[in-house]
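Colleague: My questions will all concern the structure given below.
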Amino acid sequence: MIKPGRYAVDPLGRSVRVLEVKDGTVIVRLAGSYGATVRYALSAMREARVENRCPNCGETLQQRRCKQHCPSCGYFDDCSIGPA
Ligand SMILES: [Zn+2]
Numbered sequence: 047m048i049k050p051g052r053y054a055v056d057p058l059g060r061s062v063r064v065l066e067v068k069d070g071t072v073i074v075r076l077a078g079s080y081g082a083t084v085r086y087a088l089s090a091m092r093e094a095r096v097e098n099r100c101p102n103c104g105e106t107l108q109q110r111r112c113k114q115h116c117p118s119c120g121y122f123d124d125c126s127i128g129p130a
């Protein structure tokens, strides 16, 4: 799902954060560029692959053995627990 707060890939292949979804359009913020927002047609967006992304800040998680660690916010995921 493309929802506010999630990450997506825009038509140019860039990673973006979804700010708002409304009336078939999405407003996104380009990752790594403060304040730059762009509007696209919702149908033009692709859902981002989130397996290696931090759910808090979207930074790429670093893999350490069976753990994933976010270098940005400190989020930690131990994959030995696994999804429910
Ligand atoms: Zn993070």
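Heads up, the sequence shown is in our numbering, so the first residue is 47 and it goes up one at a time. Using N, Cα and C, we set each Cβ at its ideal position, and we do this for glycine too.
#1: Compute the Euclidean distance between the alpha carbons of A54 and C100, then round it to the nearest angstrom.
#2: Output the distance between the C-alpha atoms of R85 and Q114, rounded to the nearest integer angstrom.
#3: Roughly how many angstroms lie between the CA atoms of R52 and C112, to the nearest whole one?
#4: Can you tell me whether L58 is buried or exposed, with buried defined as 16 or more other CB within 10 angstroms of its CB?
#5: By how many angstroms is the C-alpha of N102 removed from the C-alpha of K68?
#6: My assumption, with CB atoms under 8 Å, is that M132 sits in contact with D56. Please give the rounded CB distance.
#7: According to DSSP, simplified to helix, strand and coil, what is L65?
Modeller: Once the coordinates are examined:
#1: 13 Å
#2: 32 Å
#3: 24 Å
#4: exposed
#5: 23 Å
#6: With the chain represented from 47 up to 130, any question about residue 132 goes unanswered, as that position is not in the structure.
#7: strand
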